[in-house]
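In UniProt numbering, the protein residues as written are 1 to 243.
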């Protein structure tokens with residue numbers, strides 16, 4: 001089983017290397033804008049800078065998609081922009097963000113809090129607005145320094161995207177690829193393959209699934225994977241072009 005999983009991981013990373021060649025290399029969010037010609041729908045893959053499984057292969061750190069609820073109109077850039085946060089032109093909180101609108105941002109912020117013992121500084125981090133006492137504007141101001149740190153961290157992660165445009169829904173090809181890619185990459189409660197670096201920020205996460213899986217994902221890390229997703233991913237890679 002471990003041998004099969006390792007072979008499937010090698011194929012996944014080979015497909016991602018092919019994808020990188022097709023789009024001119026991985027991007028970083030700090031260099032991206034909504035004016036680029038992004039596909040309407042797709043799957044995205046973030047990598048950990050400085051962590052490699054071979055001399056030229058960065059290790060995957062998060063897999064995501066969007067519009068998996070029937071009728072959803074969220075675009076690929078909408079989701080990426082949520083992780084990016086606010087721009088330089090934001091009058092109140094430039095280069096900040098809204099972690100309550102991005103689970104990725106929320107989890108990175110949690111790990112920073114745990115690593116640096118910042119619990120007293122950010123007592124409401126991760127709490128939905130309905131559970132926050134006091135003025136929301138004041139809470140946003142208090143959380144702004146951490147939102148900036150999260151933005152800096154995420155915007156430095158190289159990422160690739162796969163053009164995979166089908167109707168929104170839990171049975172979409174995008175959901176199928178995302179779910180199974182996460183399950184394949186995850187080391188949660190199974191023999192470890194491609195372990196993360198000891199200093200990976202996610203090791204400080206409050207979530208055992210993040211700490212043990214080696215991914216900034218919680219959903220699907222404890223599931224078995226269907227290797228046929230790699231065939232669907234391969235076809236999608238072949239149809240992906242630079243933005």
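For glycine and all other residues, C-beta sits at the position ideal for the given N, C-alpha and C. Computed from a predicted model, the values in this text were never measured in an experiment.
Helix, strand or coil for residue i? Go by DSSP, reduced to three states.
| i | result |
| --- | --- |
| residue 164 | coil |
| residue 219 | coil |
| residue 35 | coil |
| residue 18 | helix |
| residue 231 | helix |
| residue 8 | helix |
| residue 225 | coil |
For residue i, write down the residues that DSSP places opposite it in a beta bridge.
| i | result |
| --- | --- |
| residue 209 | For residue 209, which the question treats as bridged, DSSP gives no partner whatsoever. |
| residue 28 | 158 |
Is the shortest distance between the beta-carbon of residue i and the beta-carbons of chain C less than 8 Å?
| i | result |
| --- | --- |
| residue 230 | Annotation note: the requested chain C is absent from the structure, which comprises a single protein chain. |
In chain order, what residues of the same chain lie with their CB nearer than 6 Å to the CB of residue i, ignoring the 5 residues before and after it?
| i | result |
| --- | --- |
| residue 88 | 94 |
| residue 157 | 46 |
| residue 115 | 204 |
| residue 179 | 220 |
| residue 2 | 191 |
| residue 59 | 48, 51, 53 |
| residue 223 | 183 |
| residue 23 | 242 |
| residue 82 | 101, 102 |
| residue 6 | 193 |
| residue 212 | 188 |
| residue 57 | 13 |
Is any heavy atom of the ligand SAH found at a distance shorter than 7 Å from the C-beta of residue i?
| i | result |
| --- | --- |
| residue 114 | Summarising the ligand content, the structure contains no ligands, and the ligand SAH is consequently not present. |
Here's a check: name, in chain order, each residue in its chain whose Cβ is nearer than 7 Å to the Cβ of residue i, leaving out the five neighbours to either side.
| i | result |
| --- | --- |
| residue 97 | 85, 86, 105, 147, 150, 151 |
| residue 155 | 28, 29, 30, 84 |
| residue 16 | 45, 160 |
| residue 226 | 180 |
| residue 113 | 119, 122, 125 |
| residue 19 | 160, 162, 237, 240 |
| residue 132 | 124, 139 |
| residue 210 | 107, 202, 216, 218 |
| residue 72 | 168 |
| residue 61 | 46, 47, 48, 157, 215, 216 |
| residue 4 | none |
Assuming residue i contacts residue j under a Cβ cut-off of 8 Å, what Cβ separation, rounded to an integer in Å, is found between them?
| i | j | result |
| --- | --- | --- |
| residue 40 | residue 75 | 5 Å |
| residue 228 | residue 162 | Not a contact, Cβ separation roughly 16 Å. |
| residue 126 | residue 110 | 6 Å |
| residue 216 | residue 108 | 7 Å |
Give me, in chain order, the residues of the same chain whose beta-carbon lies closer than 8 Å to that of residue i; leave out the 5 immediate sequence neighbours on both sides.
| i | result |
| --- | --- |
| residue 177 | 43, 65, 162, 164, 229, 232, 233, 236 |
| residue 129 | 100, 136 |
*Return the chain-ordered ranges of every alpha helix (DSSP H) run that is complete within the region 38 to 112 and spans a minimum of 4 residues.*
Note on the region 38 to 112: whole alpha helix (DSSP H) runs with a minimum of 4 residues are 76 to 84, in chain order.
*Pick out the complete beta strand (DSSP E) segments inside the region 118 to 203, 3 residues or longer, and give them in chain order.*
Scanning the region 118 to 203 from its first residue to its last, the whole beta strand (DSSP E) runs of 3-plus residues come out as 158 to 163.
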